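Sequence positions in the sequence shown follow the numbering used here and run 263 to 666. We put the beta carbon where it would ideally sit given N, CA and C, even for glycine. Please read these numbers as outputs of a predicted model, since none were measured by experiment. Accompanying notes for the structure given below.
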Amino acid sequence: MSTLSARLSLIFSCLGHAIMHLLAAFYFVIVLQLEQEWQLPYHELIELWTLGALLIGVGAIPAGWLGDHWSAPGMMIVMFLGMGAASIACGLSATPGGLLLGLSALGLFASIYHPVAIAWLMRNAVAQGKALGVNGIFGSAGVAGSGILTGFLIDAYSWRVAFILPGVVSLLAGLLLWWCCWRRIIVDTRTDLKAETPPSRDDMLRGFGILLLTMLVMGIAFHAMQTALPKMFSLRLDFTDSALGIGALIAGVYAISGIMQIVGGHLADRFALKQVYLIGLLLQVPMLALVAQATGMPLIVAATMAIFLNSSVLPAENMLIARYTPAHRRALAYGIKFVLAFSCAPLAVMLVSYIHARTGDFIWLYWLVAVCMLLAFLAALLLPAVHSLRSGLSERSPEPVQAS
């Protein structure tokens, strides 16, 4: 495979990561405008995303299976086109029922990205931590963009445009990827570029079992923060109340924290994966506790640090998954991960809705997440020791894959 194909694969992978996270997060800003226009309470409107959030997780296993057995770039094309159409449908919705259907379809198509693209990237990267870090930066940019871009589109135009315009971009990306595959500019491959010796079966089972617990907690922490942060800023910050102002703050928090993906990837390539993972889990505990209580600028700093640390351990986590699973089941393994990571999103949404409806704030939400993160750290102490491997390349011809 040509170097051009490998580079285009990385470009589409990064673009897909940004678009997927933007479309999965922009509703948390849009809902603030819908409160006013539809005259419905926040907890009822935020619940419309519950099924979509669930489908992002539930759809990951079949998406991973199809990525292993059919085509990674083919699945990416389906993702881009499906998300684009669903986002446009949301923008055209006139009732909560119609919006529920559009958001649910959006979640289903968004479920394709992580199991397919991450397994694809791992199969075709030598410096896996660095590749995951670069890819993660674009995911963080998507989350950040969901704040500032959505806030701008709402203030400048309307909440409908905030749905429709990103949907059009996703459709165009899907059509461009289809053209590249049709012209064989991007092609697929099934073997790892980097050959590694797998650990024992017992270590695989123990390691992956422990990761199931830690990944569940990481997912709850991520989604609780992503769901509640716009509303929490509107409640606890007294220097901004516009959609654009809150969106810009969200964008800044995620943009700054996203840089840590590169640092985390570099550390995962150079040091023991278990130690990198443990330190990242432990440091999140005091930051989440501070988010629970802080207001004003300390809240912004604490939220940034919590998201910063949550992002930093993702390269090590994904490398541990690859280490504890056979190569021919890797997309399925990532599918299982994202069933946990994104299926806990509806749990986070329900917790946000439940706690806010009864307390008017999110103090108990973040204390609960902090305790869960501490338990995850204690469980991760039992992970089999794994070092970042530096084995040679496989005998396969240097043919990296498509859009990872």
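Coarse secondary structure for residue i, derived from DSSP in three states
i           : result
residue 610 : helix
residue 556 : coil
residue 387 : coil
residue 351 : helix
residue 417 : helix
residue 275 : helix
residue 575 : coil
residue 547 : helix
residue 342 : helix
residue 378 : helix
residue 330 : helix
residue 447 : coil
residue 527 : helix
residue 588 : coil
residue 624 : coil
residue 288 : coil
residue 665 : Confidence at residue 665 is low in this model, with a pLDDT of 38, below 50, so the placement of that residue should be treated as unreliable; the coordinate-derived value is given next. Coil.
residue 660 : The pLDDT assigned to residue 660 is 40, lower than 50, so where the model puts this residue is not dependable; a value taken from the coordinates is nonetheless given after this. The answer is coil: DSSP assigns residue 660 none of H, G, I, E or B.
residue 267 : helix
residue 280 : helix
residue 392 : helix
Contact belief for residue i with residue j at Cβ below 8 Å, rounded distance in angstroms
i           : j           : result
residue 619 : residue 305 : 5 Å
residue 339 : residue 601 : Wrong, their Cβ atoms sit about 22 Å apart, outside the cutoff.
residue 295 : residue 374 : Going by Cβ atoms, the distance from residue 295 to residue 374 rounds to 28 Å, so no, they are not a contact pair.
residue 667 : residue 508 : Residue 667 lies beyond the residue range present for the chain, which begins at 263 and ends at 666; the question has no answer from this structure.
residue 511 : residue 562 : 7 Å
residue 399 : residue 523 : 5 Å
residue 531 : residue 389 : 6 Å
residue 564 : residue 575 : So it is not a contact: roughly 18 Å between Cβ atoms.
residue 638 : residue 475 : 6 Å
residue 285 : residue 372 : 6 Å
residue 635 : residue 479 : 6 Å
residue 485 : residue 610 : 4 Å
residue 627 : residue 490 : 6 Å
residue 270 : residue 448 : 5 Å
residue 427 : residue 342 : Their Cβ separation, rounded to whole angstroms, is 15 Å, which puts residue 427 and residue 342 out of contact at 8 Å.
Cβ-heavy atom distance, residue i to the ligand ADP, below 8 Å
i           : result
residue 338 : This structure simply doesn't include the ligand ADP, nor any ligand for that matter.
First through last residue of the alpha helix (DSSP H) which encompasses residue i
i           : result
residue 314 : 312-320
residue 521 : Counting along the chain, residue 521 falls outside any alpha helix (DSSP H), and DSSP gives it neither H nor E.
residue 471 : 463-498
residue 301 : Neither: residue 301 is in no alpha helix (DSSP H) and is coded neither H nor E.
residue 366 : 358-372
residue 643 : Residue 643 -> no alpha helix (DSSP H), and no H or E assigned at all.
Legend entry - Cβ contact (3+ pairs, closer than 8 Å) linking the region 355-366 and the region 326-341: no
Legend entry - Inter-stretch contact at 8 Å, needing at least 3 Cβ pairs: the region 552-569 / the region 339-355: no
Inset, instruction - Pair every Cβ in the region 563-579 with every Cβ in the region 521-536, then say whether three or more of these pairs are closer than 8 Å. - result: yes
Legend entry - Contact the region 401-409 vs the region 305-322: 3+ CB pairs below 8 Å: no
Inset, instruction - May I ask you to verify whether the region 294-313 touches the region 606-619, counting CB pairs closer than 8 Å and requiring at least 3? - result: yes
Legend entry - Three-pair Cβ contact test at 8 Å for the region 515-523 versus the region 376-384: The region 515-523 makes no contact with the region 376-384: fewer than 3 CB pairs, one atom from each, lie closer than 8 Å.
Inset, instruction - Could you tell me whether the region 383-394 touches the region 494-501, where touching means 3 or more Cβ pairs closer than 8 Å? - result: no
Inset, instruction - Evaluate contact between the region 461-480 and the region 585-595, counting only Cβ atoms and requiring at least three cross-stretch pairs below 8 Å. - result: yes
Legend entry - Contact the region 426-439 vs the region 537-548: 3+ CB pairs below 8 Å: no
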